[in-house]
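Counted from 1, the sequence shown has number 190 at position 205 by the numbering used here; the numbering is strictly sequential.
In what follows, a single structure is set out as structure tokens and then discussed.
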Amino acid sequence: PQIRVQVSPPIDCQLKGSVDRGPFRTDANEKYGEATLEFTVPVKTNVKVTGTGEIGRAVDGRVNASMYVTGNVLLDVDENWNALASIDPDFEWREEPVLEVLGARVPLTDKVEPMVRAGMAQIQSELEADIEGIGLRERMETLWQKGFFVERISDNPQVWIRFVPETIGFGGFESDGDRFVSDLFVTGMTKTIVGRKPEAPEATPLPPLTRDAPTGDFRLYVPVFADYEYSARLLEDLLQIGEKQFFEVPVAGQVALTFRDAEVYPTTGGAIAVGLTVDVDYSRAGLIDGTGLVWLKAKMAIDSERQMVYPEWLDFGADTDSAMLNMIVGIARRTSV
């Protein structure tokens, strides 16, 4: 059996000192197969113990101690875009607490450690709450809204990119030296519009987080939409609508021609039809002036190296008010046209 004997009356003491924290050091590393943030903080304590009262006034001692507080922070994000943190704190004594008083050394480690662990538990709870309260969802909502955009990428002709995001997510965290890196990814529909500026897409609320990034090769599909009316106006500029021009036509010789109108529209087989209304001034005897409609049917192709869309083949026809004016087809076949 243990018998505790009080050999002196209790002594009241005053404790005065400081707890100093050193520089906060962080390192990103891989632990347990996941990216973690490892932190180390040196802590040093210096406390003076002074007794009070008739007996205690003779007590004059010090308590010195130092330790390293360490821990690993594991970060994550749930499907509602809330930041999550799991902190695993620990400590290691460099100098255990010892009370030096009246020439004696009294170990205090077993008395101090429960208080240290209680303080670390409080710090752990506060840090996790701080990380979870950074407002990640609000920041991602702002980023998501910016994903709905229309951007001009060319002035002449006017070409626009229109993007509508559909899903957003990230593939977890990785450590890169002394920092964390996370890969965000977005899937959505991209359109390229030639012509007038399209309407801006209407933004939708931030969707739930998509956990896994798509795997495999990178593939990009960008449909191109051409504004036929806008394309017709470009043709009118190129063909100098309303201005009299002269062309050398085989057999007929020089012919004066004025383009009056241009139409562009889709037709069968994925082709594009171009209709040109033309006035012809042909002065040879026996022939009269007239107006005709020339149409061209073209299947378009893409030359990636030259970054050009061009007609893979052309088909020609004419509908005029004079048989002789079918020579317009010959004019339309000319490279200059």
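Backbone N, C-alpha and C define an ideal beta-carbon position, used for all residues, glycine too.
The model shown is predicted, which means the values in this text are computed figures rather than measured ones.
#1: Count the other C-beta atoms from every protein chain shown that fall within 10 angstroms of the C-beta of F210, then say buried if there are 16 or more, exposed otherwise.
#2: How many angstroms separate the CA atom of V97 from the CA atom of E117?
#3: Would you kindly check if the distance between the Cβ of V249 and the Cβ of Y213 is under 8 Å?
#4: Return the CA-CA distance between S167 and R196, expressed in angstroms with no decimal places.
#5: So, using beta-carbon positions, are E64 and L261 closer together than 8 Å?
#6: For the alpha helix (DSSP H) that M225 lies in, which residues bound it at each end?
#7: Just curious, the beta strand (DSSP E) that Q239 is in, first and last residue?
#8: Taking just the CA atoms, how far does M125 sit from G227?
#9: Counting only beta-carbon atoms, is Y250 nearer than 8 Å to chain C?
#10: Quick one: what does DSSP say D212 is sitting in, helix, strand or coil?
#11: Assuming the contact rule is C-beta atoms closer than 8 Å, V263 and T252 should be a hit. Round their C-beta distance to whole Å, please.
#12: Is the Cβ-Cβ distance between A247 and V234 less than 8 Å?
#13: Looking at F133 and P186, is the spacing between their C-beta atoms short of 8 Å?
#14: Using only CA atoms, which one of G157, E85, L299 and Q(-1) lies nearest to V62?
#15: From D115, A317, K33 and F170, pick the residue whose C-alpha is nearest to that of G46; which is it?
#16: What is the DSSP secondary structure of E187, counted as helix, strand or coil?
#17: Output yes or no for whether 8 Å exceeds the beta carbon distance between V179 and P142.
In this structure, then:
#1: exposed
#2: 30 Å
#3: yes
#4: 12 Å
#5: no
#6: Checking the sequence shown, residue 225 turns out to be Gln, not Met. Looking at the DSSP string, Q225 is not in any alpha helix (DSSP H), and its letter there is neither H nor E.
#7: G238 to P251
#8: 54 Å
#9: Here chain C cannot be found, since the structure has a single protein chain.
#10: coil
#11: Contact flag wrong, Cβ pair sits at about 20 Å.
#12: no
#13: yes
#14: G157
#15: K33
#16: coil
#17: yes
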